[in-house]
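These protein sequences, in sequence, are chains A and B.
For what it's worth, this note's numbering labels the leading residue of the first sequence as 68, then goes sequentially.
For what it's worth, this note's numbering labels the leading residue of the second sequence as 45, then goes sequentially.
Here the structure is laid out as structure tokens; the discussion comes afterwards.
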Amino acid sequence: MKLNITIIVSGLGFILTSPVLAGDTVTTLLQEYHTQAAQTFSADAGRQLWNQSFVAANGDQRSCSTCHTSDPAQAGKHTRTGKRIEPLAPSVNPERLTETREIRKWLKRNCKWTLGRECTAREKGDLLTYLNSL
Amino acid sequence: MRRWIVMGLGLAMVVTLGWNMNVSMADEDEYWERTRDVASVENSRYQEECGSCHMAYPPGLLPGRSWEKMMTSLDDHFGENAELDAATVTELVQFLRDNSADARPSYRRSRKIIRDLSDENVPLRITQLDYFRHEHREIPARWITGNPGVSSLSNCNTCHQNAERGSFSEREITIPGHGQWDD
């Protein structure tokens, strides 16, 4: 019992002190999506989805690139408010893809806005794989 | 002897520097006390969750009931999806209510905003408040919607330099492409 507690405490210490890297968070999420989709993910499919246009209920054409541009390594602009959106590619913006909560929140909101529905596990897996490859 | 003079001068410089810093910080505090029109509040969660898409509007620009309604309909936030998890909503509603126009009526503009509102009125757009419209009535559309540096009255901080700190003084207005506001 005592040994168990020691292991848990030192494990916690490791988690708290290790730096957060995009890779760690993405790997965990990809594993989760992989379990749901039972499919391997492809950066190429992610790139295609990124640029694919969907027609919104009001007739607007929408895609990820509407706000983020077709190059996620560039800064984008909120289509409604005009506010700057920092680049999504972790290679140029190391803060990206480091928090599970943030990734889930934005995928949920932005899939609904862009595709008119939540993304499937496969779509989320492809998108994450694409962004993480940049 | 010489060593004492050098040390004395050094000490005097340190003391003077410290004193100057104190004075300038006090001046700044006093400055904000005098000019802020709605409560100047900061909340990192609010800044992060709401400020990533638009300016983080000072909560004192709307009554508490408006914030509550807005935060419970985030799946259709003026046509956009801005959903948040329940715990975050609760936390933000608390912050917004505590600093809303009716919770902080000692602030000049908050008081004016709620003065025109009946209790049944639950406005969601700051730009449609009677007080807001009155204050902006003289500004031609070409300076706002026709101005790429502004594009909408919702972008307070393109003209009001200290908007995010709750200060909307006329002296602090610079309209992109037109310069200082001169009433």
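Using N, Cα and C, we set each Cβ at its ideal position, and we do this for glycine too.
Computed from a prediction, not measured in an experiment: that's the story for all the values here.
Using a Cβ cut-off of 8 Å, pull out every chain B residue sitting near residue i, in sequence order please.
i	result
H145 of chain A	C97, H98
Would you kindly work out how many angstroms separate the C-alpha atoms of residue i and residue j, rounded to a whole number?
i	j	result
C203 of chain B	A104 of chain A	49 Å
K175 of chain A	E190 of chain A	12 Å
E216 of chain B	Q205 of chain B	6 Å
D146 of chain B	R155 of chain B	7 Å
A123 of chain A	E185 of chain A	14 Å
L195 of chain A	Q138 of chain B	34 Å
G108 of chain B	M115 of chain B	11 Å
T107 of chain A	H121 of chain B	35 Å
P161 of chain A	T167 of chain A	14 Å
T187 of chain A	D193 of chain A	10 Å
G210 of chain B	R153 of chain B	9 Å
G123 of chain B	S117 of chain B	11 Å
G113 of chain A	L128 of chain B	25 Å
E208 of chain B	V93 of chain A	34 Å
V85 of chain B	Q115 of chain A	43 Å
P149 of chain B	K179 of chain A	39 Å
Q224 of chain B	E169 of chain A	39 Å
S158 of chain A	T146 of chain A	24 Å
D160 of chain B	H180 of chain B	16 Å
L105 of chain B	H101 of chain A	46 Å
S195 of chain B	E99 of chain A	42 Å
E214 of chain B	A185 of chain B	19 Å
A126 of chain B	E112 of chain B	15 Å
H178 of chain B	I188 of chain B	15 Å
N229 of chain B	W48 of chain B	This structure leaves residue 229 of chain B out entirely; chain B is present only between 45 and 227.
T133 of chain A	P192 of chain B	18 Å
Can you list the residues of chain A that residue i reaches, using a CB-CB cut of under 7 Å?
i	result
N125 of chain B	R176, K179, W180
S195 of chain B	G149
Between residue i and residue j, how many whole angstroms is the CB-CB distance? I'm expecting something under 8 Å.
i	j	result
L173 of chain B	I183 of chain B	Incorrect: roughly 15 Å between the Cβ atoms, too far for contact.
I152 of chain A	A140 of chain A	At roughly 12 Å, the Cβ-Cβ gap does not stay under 8 Å, so I152 of chain A and A140 of chain A are not in contact.
A83 of chain B	P103 of chain B	7 Å
L96 of chain A	A156 of chain A	With 8 Å as the limit, L96 of chain A and A156 of chain A do not qualify as a contact, their Cβ atoms being about 17 Å apart.
F121 of chain A	L182 of chain A	5 Å
L136 of chain B	E92 of chain B	No, L136 of chain B and E92 of chain B are not in contact; Cβ-Cβ is about 10 Å, not under 8 Å.
R150 of chain A	C97 of chain B	According to the sequence as given, residue 150 of chain A is Lys; it is not Arg. Confirmed, about 6 Å.
L197 of chain B	T171 of chain B	5 Å
S109 of chain A	Q119 of chain A	Rounded, the Cβ-Cβ distance is 14 Å, inconsistent with contact.
List the DSSP bridge partners of residue i.
i	result
F121 of chain A	A:R129
E124 of chain B	B:H121
G143 of chain A	A:I152
I219 of chain B	B:G223
H101 of chain A	Partner(s): none; H101 of chain A has no beta bridge.
H204 of chain B	B:I217
Note the first and the last residue of the continuous alpha helix (DSSP H) segment covering residue i.
i	result
M99 of chain B	No alpha helix (DSSP H) contains M99 of chain B, which DSSP labels as neither H nor E.
Y175 of chain B	174 to 179
A130 of chain B	130 to 142
G193 of chain B	Per DSSP, G193 of chain B belongs to no alpha helix (DSSP H) and is neither H nor E.
D204 of chain A	Only positions 68 to 201 of chain A appear in the structure, and residue 204 of chain A is not among them; the question remains open.
E112 of chain B	108 to 115
I183 of chain B	That residue, I183 of chain B, is in no alpha helix (DSSP H); it is neither H nor E in DSSP.
W173 of chain A	167 to 182
R159 of chain B	152 to 159
Starting from the beta carbon of residue i, find every residue of chain B whose beta carbon is closer than 9 Å, and list them in chain order.
i	result
K150 of chain A	G95, S96, C97, H98, M99, N199
Confirm the yes/no value for this check: CB of residue i, any heavy atom of the ligand FMN, distance under 7 Å.
i	result
N191 of chain B	Among the components of this structure there are no ligands whatsoever, and the ligand FMN is therefore not found.
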